[in-house]
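Residue numbers (our numbering): 115 to 214.
Worksheet: the structure to be examined is printed underneath.
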């Protein structure tokens with residue numbers, strides 16, 4: 115079956131060869147690196163020390179517990195991984211909201 119576009123693609127006036135574009139791209143990549151770091155921090159769930167204490171308390175990390183609840187190989191979307199950012203709470207806000 116042939117697929118047709120519902121609307122023609124919009125032409126772009128963006129000139130990717132300019133110095134301004136290169137600077138904007140570099141700035142955006144820096145910001146994305148910061149966000150990736152924050153996401154990694156939230157994924158760590160309190161850091162390596164906290165994660166290392168869990169087995170001695172007969173507990174599992176939250177994402178591991180979720181993996182046991184959902185169907186095998188089913189992805190899940192984390193809704194608010196940076197809740198509590200720039201507040202007195204830990205990154206992630208101490209909660210995990212998912213859809214999956």
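All C-beta atoms, glycine included, are put in the ideal place defined by N, C-alpha and C.
Per DSSP, reduced to three states, the secondary structure at residue 152 is helical.
With respect to the 8 Å criterion, residue 214 and residue 184 are classified as neighbours on the basis of their beta carbons. Contact annotation, residue 135 with residue 129: C-beta distance approximately 6 Å; criterion of less than 8 Å satisfied. A distance below 8 Å separates the beta carbons of residue 204 and residue 160.
Ranking 200, 181, 146, 145 by CA distance to the CA of residue 191 puts 181 first. Note that the C-beta distance between residue 195 and residue 168 is not below 8 Å. When secondary structure is reduced to three states using DSSP, residue 211 falls in the coil class, being assigned neither helix nor strand.
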